[in-house]
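Numbering (the working numbering), first residue to last: 88 to 601. Using N, Cα and C, we set each Cβ at its ideal position, and we do this for glycine too. Since the structure is predicted, the reported quantities are computational estimates derived from the model, not experimental observations.
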Ligand code: GCB
């Protein structure tokens, strides 16, 4: 049987598609093969390198702290559309006047030959399915009076039903009812909310929002990175139990089902690209790598091209999710070396150009504090991963507390923007207890988190706290990891450590029953 290559795509976390119409015949069977490679190189995001020894044995190394699984982790879907069809929809929401009326700006792309002669109409339905607004044309604004807002903790969703009509009136469902036939239709859910950074406040719908939650990973026993609805629902239930209002998709875009769930349940998301490990300073930790980050050897023009692609694909995929309130374009890149600013300035500008409605950030690494970092001013929020009391000041929470507070105050003074602590935590072996401040014990993890919280509560610019990590997870082999990374508040099979109860007490204490 003849076979043909119909599509190729680089990057493992964002969707891609191919039109296979000319290769198949209606009514006949065919074989569709999807093959994936998990090899990471200097031109992939995340980057990695492959060495080959004299015997031809190839080994993969990479500079990020989670296991490089292979295989197909997400859905593969075969679907058909009419030749002229809805290809893209963008929805941007705002409020009018006294804030009780919403403005819904929409833009539709209709693809296919002769697309422009087909009339387009849109209808807005509320959660019960009642039509609350309508408009005609491929772009426009629909007003929703007495709008129900999408809010943290309350994921109220509307639907925008986009219909491409037959250009000659046609016949069909709509025609039978007296209107023109519907040629193609697509339903896009959306929520009405605004996001804004003002001074050191992070505002959702004009109200200060404080992030509580975790950096997470798509990682479970047996299924690895594979998406599973049952595991997803369990993880979201644990987030609810512990009082988390948000999470970061560390360190890559998560399955679309996760984003839909967050929308529906009012969970706030910091949405991250897979740009992790762009940092030669980690060479010691991972036992390998270049000496300098920016240059032909490591983060070069090819890396930049792949990085642009992942930003474009993430924003194209997730732009209509109300849960997404920040784009994080990288985790812990080297940000003090010469070359960092020239590398990141165009990427920050690209993210803003693609989506002027959401704050853009990146996550800053401990080595590049406020005295050394050269790029954080290019972004709207300050996102920090800090390990005082763990990698530094190990076992000395008093010294860690002073160092943490001094650094947060320095950032506040330098940039005056909201600070979100996107990682803080300690490896903890579930079941190990100690009377003393013993790293790895459940007591130490809880004490360390409590120390951070004392400091956060003293610093005005703090806008959120995401513990590293939601659950223990698999990593590559190394002397710093025993059966993976153990910084979870939950174990890998989602049992709570002592810290989980402490977090629950903090994160649920101000909640009124509803
Ligand atoms: C970090 C990284 C995260 C690691 C974590 C750790 O800064 O962003 O990927 O897993 O530290 O536990 O060392």
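May I ask you to check if the CB of residue i is nearer than 6 Å to at least one heavy atom of the ligand GCB?
i           : result
residue 552 : no
residue 152 : yes
residue 574 : yes
residue 366 : no
residue 472 : yes
residue 418 : yes
Please return the same chain residues whose Cβ sits closer than 6 Å to the Cβ of residue i, not counting the five positions on each side in sequence.
i           : result
residue 175 : 196
residue 409 : 237, 278, 280 and 350
residue 145 : 137 and 139
residue 118 : none
residue 476 : 484, 487 and 535
residue 600 : Residue confidence is low: residue 600 scores 39 on pLDDT, short of 50, so the model does not pin down where it sits. Its coordinate-derived value is still stated next. No residues qualify anywhere along the chain.
residue 470 : 448, 450, 507 and 509
Cutting at 7 Å between CB atoms, please list the residues of its own chain near residue i, excluding the five before and the five after it.
i           : result
residue 234 : 187, 188, 189 and 279
residue 460 : 422, 423 and 451
residue 240 : 332 and 353
residue 67  : Because the chain in this structure spans residues 88 to 601, residue 67 falls outside the shown range and cannot be described.
residue 159 : 121 and 123
residue 126 : 137 and 147
residue 530 : 520, 521 and 585
Considering residue i, what are the terminal residues of the beta strand (DSSP E) in which it resides?
i           : result
residue 273 : 269-277
residue 447 : 447-451
residue 103 : Taken as a continuous stretch (DSSP letters only), residue 103 belongs to no beta strand (DSSP E), as it is neither H nor E.
residue 193 : 188-198
residue 165 : From DSSP, residue 165 is part of no beta strand (DSSP E); its letter is neither H nor E.
residue 282 : 282-285
residue 289 : 288-291
residue 510 : 506-510
Taking DSSP as the reference, what is the three-state secondary structure of residue i?
i           : result
residue 252 : strand
residue 583 : strand
residue 304 : coil
residue 577 : strand
residue 175 : strand
residue 204 : helix
residue 146 : strand
residue 93  : coil
residue 418 : strand
residue 316 : helix
residue 521 : coil
residue 589 : helix
residue 131 : coil
residue 602 : Because the chain is modelled from 88 through 601, residue 602 falls outside the range shown and cannot be assessed.
residue 472 : strand
residue 410 : coil
residue 444 : coil
residue 458 : coil
residue 423 : coil
residue 112 : coil
residue 481 : coil
residue 630 : Look at the range of the chain in this structure, 88 to 601, and you will see that residue 630 is not part of it.
residue 595 : helix
Got a sec? Which residues, its chain only, sit under 8 Å from residue i by beta carbon, not counting five neighbours each side?
i           : result
residue 328 : 591
residue 402 : 414, 438, 441 and 442
residue 315 : 307
residue 361 : 98, 99, 100, 132, 133, 338, 339, 340 and 397
residue 546 : 492, 495, 496, 499 and 506
residue 581 : 321, 322, 325 and 558
residue 382 : 426
residue 301 : 326, 331, 334, 335, 553, 554, 555, 556, 557 and 576
residue 170 : 199 and 200
residue 288 : 295, 505 and 550
residue 458 : 497
Could you pull the start and end residues of the alpha helix (DSSP H) that residue i belongs to?
i           : result
residue 439 : 427-441
residue 118 : Counting along the chain, residue 118 falls outside any alpha helix (DSSP H), and DSSP gives it neither H nor E.
residue 495 : 484-502
Contiguous beta strand (DSSP E) assignments of at least 3 residues, all confined to the stretch 323-402: 333-335 and 355-359
Ordered list of beta strand (DSSP E) runs contained in the stretch 523-579, each at least 3 residues: 549-555
3 or more residues per run - each beta strand (DSSP E) lying fully within the stretch 212-241: 218-223 and 226-231
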